[in-house]
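Quick note, the sequences are listed as chains Y and G, same order.
When we follow the numbering used here, the leftmost residue of the first sequence carries the number -13, and every step to the right adds one.
When we follow the numbering used here, the leftmost residue of the second sequence carries the number 31, and every step to the right adds one.
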Amino acid sequence: MSAVVEHEVVAEREVMTEREVMDRPILDPALAPPFPVAALPLLRNLQLRKNVAHAIDVIQAKRARLVAEKPDWQALRSAASRIRDEALQDLGAYLEQFEARCTAAGGTVHWALDAADARKIILKILREEKADEVIKIKTMTSAEIQLNPFLEANGVRTYETDLAEIILQLGEGEPSHIVVPALHVNRGQVREIFARRMGIENLSDEPEALTAAARNYLRQKFLSVPTAISGANFLIAETGSVVVVESEGNGRMCLTLPRTMITLAGIEKVLPRFADLEVMLQLLARSATGERMNPYTSLWTGVTPGDGPQKFHVVLLDNGRSSILGRKTERQTLRCIRCAACMNTCPVYRQTGGHAYGSVYPGPIGAILTPQLEQMRHAQSLPFASSLCGACYEVCPVKINIPEVLLELRARVTDQERKQALRFFDPLYLGLRAANLIFSRAWLFHAAQRMGRIALRLFTREDGWIHALPGIGAKWTQTRDLRGLPDQTFHEWWEKNRDRGNKGPREKGRKRTSDRGNKGADGQ
Amino acid sequence: MSESSSREAILDRIRAASGGGQNPAVTAEEAAQRFGRLPRDYQVRGELTVRACQELFMERLREYDAKVVECAPEELGATIAAQIEASGRRRFIAASGDPNAWLVTAAWQITGFECDIDHGLTVTEIEQAEGVITACFCGVADSGTIALHHSATEGRRVITLLPDWHLCIVRASQIVETLPEYFDRCKQPPPELVTWISGPSATADIEMTRIKGVHGPRFLNVIVVNDREQGPGTK
């Protein structure tokens, strides 16, 4: 079947039911509900959890096998983190160098302070090109600035070309992963979306058939749409080159066939030298998809006469990134090369999937990146969406210590909350204030222990466990049992039994303990 | 905000974040020196024998579903012809840099064989071709990667993209074991256009099931030409 068939997208939008509107995840951090609220319906969606767990298991197994065959993996990680740190250390200089080289090679470099700025610049270029449609390579940065809805509202039709992005665009879904954005959708759901939107009857749900449908659907677009938009995996300061890493060849199509190419890249994407790729390319595919190398990686420099687009624009996007740069602990966030290994290994992401994070950047990296890009004005619940188990740090190819940054951000969120007057009505805040008071005075602590023992005895069953507590305590007992308090504390036991010990090495300990006991007695 | 003021604002913020000083330009020499100071204690040089390295390259490509054959330099024409014959395809294009030397020998004997040399073919002409024949710049064994720098023998980017079947000629002397060895071969000046190819196009976007062949060529055939001593011994 070599005949190219163009399938028109079925134009009329199905009217969404209220239920579906509610189900559509919100990935704008300014509007998204807090993580626990957003996570709840996802945790109840067993199909979604099954899809996510399956996809993650496959990637994880492949990654583990390929990392194990690299004895120099840790050395590569160290080198990569050094290279990224060096780029961030002299970010301004390297960006100016990139700009100069790219311009000399025939490209045009634009600088965008924030999302609105970037959208405006891109629309202006499209207007100059008289473009009413664009083909797009998957770029999370474009999702970050919500480019597609903006372009559509301004009369520019956008065509996503990455298979996962087509699934989401046609199915009106939202990305839940930064490398495999539709990993929460299974083949049956893809079949339904493609059959409906491409107007294909009798479409099988075999991945081969679905992939072929996408190929046919896009072929004419690649050959006819004269303007393309991409993201960038790396910008090379030394040469002014841009690197895009992909698998399907949709990237190469968009980079080669159109007349005009627009690349949107975060300012942190810069690498000092071409040779730095010898480290980055060894880490990226293995970490991201569990391949030794992804099928296609393209590098281009400005414009090349007779080969590829003859007009090339790069939009360098800040959108909060420079504010991360100035903070010592948080700066490492910007090392990220978007491989998604952290979300693939994260026990929290595994349960909730990506939509709970209320951002196009989910998982552990999203939990630290999103609130910072939002300048801590939104997404404050994300730093708490972690068990701090550290698995993300262990797999990160550029050694971002995510737990460390999470703790730093938690402290900043807590500092913010401390400044709010309403905190006096927050039971958690009151509880912690009370605990602060009690823990700093020994007599109060002992008194509280005695009172607690009496109170909890009311709820302790015969088996020695507390199965249900009233009020705020129910938040704990809803999901776990609590061991009832024993009849005496260790302190009380020690008071009674300390003289029964022998001499020898305990002598010293006895003295110190009795000192402490005396102090406690003084306090009382 | 105008674009030039956005530029200054961003650079100012970056300067402020880096301690308030200026951003002294990092010269090319300085950047190169810094690279020299990096801890490059990952594997830079390969350790395999020439033969083992070549076998690893072929094995890795096969794992990506590429078809790989070997031949002696004098057999190249006949091997290309055999590959074309077996593919069942007849309409080809080839990179402009001297592929004639390979093609004239045997391929023209195949009934119906057509081959346009790319001296500026249009997209429509390229789209109509069933296959494409090119050389390459380098092969990397460790990752099973072929590097095209798009010189005359490697062709413009578009010719290795639209046809469904790509036949790539790799000379054994072009194969290195590690990616850093490839980057050593690229020095001064670095290439301006590169496509690194590791197998035919593929996707795993639906349930992580790897499907070979999406938009790029669905079939990658590689001929490794044994143009150097294959005997035992290390490099």
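We put the CB at the ideal spot given by N, CA and C, even for glycine.
Which residues in chain G sit within 7 Å of Tyr335 (chain Y), going by Cβ to Cβ distance?
In the first sequence, counting from the first residue as 1, residue 335 (chain Y) sits at position 349. Going along chain G, no residue has its Cβ under 7 Å from Tyr335 (chain Y), so there is no contact; the nearest lies around 16 Å.
Residues, ordered as in the chain, of the segment 180 to 203 of chain G that lie near chain Y by beta-carbon distance below 8 Å
His180, Arg186, Arg187, Val188, Leu191, Asp194
Cβ of Leu359 (chain Y) within 9 Å of Cβ of Arg307 (chain Y)?
Numbered from its first residue, the first sequence carries residue 359 (chain Y) at position 373. Numbered from its first residue, the first sequence carries residue 307 (chain Y) at position 321. Yes, the Cβ-Cβ distance between Leu359 (chain Y) and Arg307 (chain Y) is below 9 Å.
In chain order, what residues of the same chain have a beta carbon less than 8 Å from the beta carbon of Ile123 (chain Y), not counting five sequence neighbours either side?
Here the question's residue 123 (chain Y) lines up with position 137 in the first sequence. The answer, listed in chain order, is Thr147, Asp148, Ala214, Ile215, Ser216, Gly217, Val230, Glu232, Asn236, Gly237, Cys240, Leu241.
Within 9 Å of any Cβ in chain Y, is that where the Cβ of Phe88 (chain G) sits?
Stepping through the second sequence from its first residue, residue 88 (chain G) is reached at position 58. The question names Phe, but residue 88 (chain G) is Met in the sequence shown. Judged by the 9 Å Cβ criterion, Met88 (chain G) is not in contact with chain Y.
Excluding the 5 residues flanking Thr315 (chain Y) on each side, which residues of the same chain have their C-beta closer than 7 Å to its C-beta?
The residue labelled residue 315 (chain Y) in the question sits at position 329 within the first sequence. Within the same chain, Thr315 (chain Y) has close Cβ partners Glu390, Val391, Glu394.
Using a Cβ-Cβ cut-off of less than 9 Å, list which residues of the segment 77 to 110 of chain G approach chain Y; keep chain order.
Arg90, Glu93, Tyr94
When the Cα atoms are used, what is the spatial distance from Val7 (chain Y) to Arg336 (chain Y)?
Position 21 of the first sequence holds residue 7 (chain Y). Position 350 of the first sequence holds residue 336 (chain Y). Its pLDDT being 39, under 50, Val7 (chain Y) is placed unreliably by the model, and nothing is read from it.
Is the Cβ of Glu166 (chain G) closer than 9 Å to any Cβ of chain Y?
Residue 166 (chain G) sits at position 136 when you count from the first residue of the second sequence. Before going on, a small fix: residue 166 (chain G) reads as Cys here, not Glu. Closer than 9 Å: no.
Could you check the C-alpha separation between Thr446 (chain Y) and Ala327 (chain Y) for me, to the nearest Å?
Within the first sequence, the letter at position 460 stands for residue 446 (chain Y). Within the first sequence, the letter at position 341 stands for residue 327 (chain Y). Looking at the two C-alpha atoms, the distance is approximately 44 Å.
Under 8 Å from the C-beta of Val56 (chain G): neighbouring residues of chain Y
Within the second sequence, numbered from 1, the residue matching residue 56 (chain G) stands at position 26. By Cβ distance, chain Y contributes Asp76, Ala79, Tyr80, Gln83, Ala223, Pro258.
Under 9 Å between C-beta atoms of Pro357 (chain Y) and Pro15 (chain Y):
Numbered from its first residue, the first sequence carries residue 357 (chain Y) at position 371. Numbered from its first residue, the first sequence carries residue 15 (chain Y) at position 29. Yes.
Can you give the beta carbon distance from Ser373 (chain Y) to Pro333 (chain Y), rounded, assuming they're within the 8 Å contact cut?
One-based indexing of the first sequence puts residue 373 (chain Y) at position 387. One-based indexing of the first sequence puts residue 333 (chain Y) at position 347. Right, their Cβ atoms sit about 6 Å apart.
Taking Ile140 (chain G) and Ile189 (chain G) to be in contact with their CB atoms under 8 Å, please state how far apart those CB atoms are, rounded to whole angstroms.
In the second sequence, counting from the first residue as 1, residue 140 (chain G) sits at position 110. In the second sequence, counting from the first residue as 1, residue 189 (chain G) sits at position 159. Between Ile189 (chain G) and Ile140 (chain G) the Cβ distance is about 20 Å, and since that is not below 8 Å, they are no contact.
Which residues does DSSP list as the beta-bridge partners of Asp146 (chain G)?
In the second sequence, residue 146 (chain G) corresponds to position 116, counting from 1. Note: Asp146 (chain G) sits in a beta bridge opposite G:Ile123.
Give a yes or no on whether 9 Å exceeds the smallest Cβ distance from Val244 (chain G) to chain Y.
By 1-based counting over the second sequence, the position of residue 244 (chain G) is 214. Yes, because at least one Cβ of chain Y sits closer than 9 Å to the Cβ of Val244 (chain G).
Can you tell me whether DSSP reads Cys516 (chain Y) as helix, strand or coil?
Coverage of chain Y is limited to positions -13 through 510, which leaves residue 516 (chain Y) absent and any answer about it impossible.
Touch test, the segment 189 to 204 of chain G against the segment 153 to 160 of chain G, Cβ-Cβ under 8 Å, three pairs minimum
yes
Reduced DSSP category for Phe445 (chain Y) - H, G, I as helix; E, B as strand; rest coil
The residue you call residue 445 (chain Y) lines up with position 459 of the first sequence. Phe445 (chain Y): coil per DSSP, three-state reduction.
Under 8 Å (Cβ pairs) to chain Y, residues found in the segment 226 to 257 of chain G:
Trp226, Ile227, Ser228, Gly229, Pro230, Ser231, Ala232, Thr233, Ala234, Asp235, Ile236, Glu237, Met238, Thr239, Ile241, Gly243, Val244, His245, Gly246, Pro247
Flag Ile205 (chain G) as yes if its beta-carbon sits less than 9 Å from any beta-carbon of chain Y, otherwise no.
As a working mapping, residue 205 (chain G) is identified with position 175 in the second sequence. Chain Y contact via Cβ: absent.
Just list the beta strand (DSSP E) runs in the segment 300 to 382 of chain Y, keeping only unbroken ones of 3 residues or longer that don't cross its boundaries, in chain order.
none
Could you name the residues of the same chain whose beta carbon sits closer than 7 Å to that of Leu189 (chain Y), not counting the 5 residues immediately before and after it, in chain order?
Indexing the first sequence from 1 puts residue 189 (chain Y) at position 203. The answer, listed in chain order, is Arg177, Phe180, Ala181, Ala195, Ala199.
Are the beta-carbon atoms belonging to Arg105 (chain Y) and Gln75 (chain Y) less than 9 Å from one another?
Along the first sequence, read from residue 1 onward, the residue named residue 105 (chain Y) stands at position 119. Along the first sequence, read from residue 1 onward, the residue named residue 75 (chain Y) stands at position 89. Result no, Cβ atoms of Arg105 (chain Y) and Gln75 (chain Y) do not sit closer than 9 Å.
Classification of Asp71 (chain G) by the beta-carbon crowding that lies within 10 angstroms, buried from 16 upward:
By one-based count along the second sequence, residue 71 (chain G) stands at place 41. Asp71 (chain G) should be labelled exposed.
Between Asp172 (chain G) and chain Y, is any beta-carbon pair separated by less than 9 Å?
Translated into the one-based positions of the second sequence, residue 172 (chain G) becomes position 142. Yes, its Cβ sits closer than 9 Å to a Cβ of chain Y.
Roughly how many angstroms lie between the CA atoms of Ala102 (chain G) and Asn256 (chain G), to the nearest whole one?
For this step, residue 102 (chain G) is matched to residue 72 along the second sequence. For this step, residue 256 (chain G) is matched to residue 226 along the second sequence. The straight-line gap from Cα to Cα measures roughly 5 Å.
Do three or more CB pairs link the segment 40 to 57 of chain Y to the segment 340 to 350 of chain Y at distances below 8 Å?
no
Please state whether DSSP places Phe216 (chain G) in a helix, a strand or coil.
Within the second sequence, the letter at position 186 stands for residue 216 (chain G). Residue identity differs from the one stated: residue 216 (chain G) is Cys in this sequence, not Phe. Residue state, collapsed to three classes: coil.
Work out the CA separation of Thr125 (chain Y) and Leu204 (chain Y) for me, nearest whole Å.
On the first sequence, residue 204 (chain Y) is found 218 positions in, with the first residue counted as 1. On the first sequence, residue 125 (chain Y) is found 139 positions in, with the first residue counted as 1. Going from the Cα of Leu204 (chain Y) to the Cα of Thr125 (chain Y) covers about 18 Å.
Give a yes or no on whether the minimum CB-CB distance between Ala124 (chain G) and chain Y is below 9 Å.
Taking the first residue of the second sequence as 1, we reach residue 124 (chain G) at position 94. Not one chain Y Cβ lies under 9 Å of Ala124 (chain G).
Could you tell me whether any Cβ in chain Y is nearer than 9 Å to the Cβ of Val162 (chain G)?
The sequence position of residue 162 (chain G) within the second sequence is 132, counting from 1. No, because no Cβ of chain Y sits closer than 9 Å to the Cβ of Val162 (chain G).
Where do the N-terminal and C-terminal ends of the alpha helix (DSSP H) with His40 (chain Y) fall, by residue?
Walking along the first sequence from the start, residue 40 (chain Y) turns up at place 54. From DSSP, the alpha helix (DSSP H) with His40 (chain Y) extends over 32 to 54.
Under a CB-based cut-off of 9 Å, is Glu390 (chain Y) close to chain G?
The count along the first sequence starts at 1 and reaches residue 390 (chain Y) at position 404. Closer than 9 Å: no.
At a CB-CB cut-off below 9 Å, which residues of chain Y make contact with Thr175 (chain G)?
Taking the second sequence and counting its residues from 1, the one referred to as residue 175 (chain G) is at position 145. The answer, in chain order, is Leu267, Arg278, Met279, Thr283.
Roughly how many whole angstroms lie between the Cα atoms of Gly522 (chain Y) and His149 (chain G)?
The displayed coordinates of chain Y run from -13 to 510. Any statement about residue 522 (chain Y) would go beyond what the structure contains.
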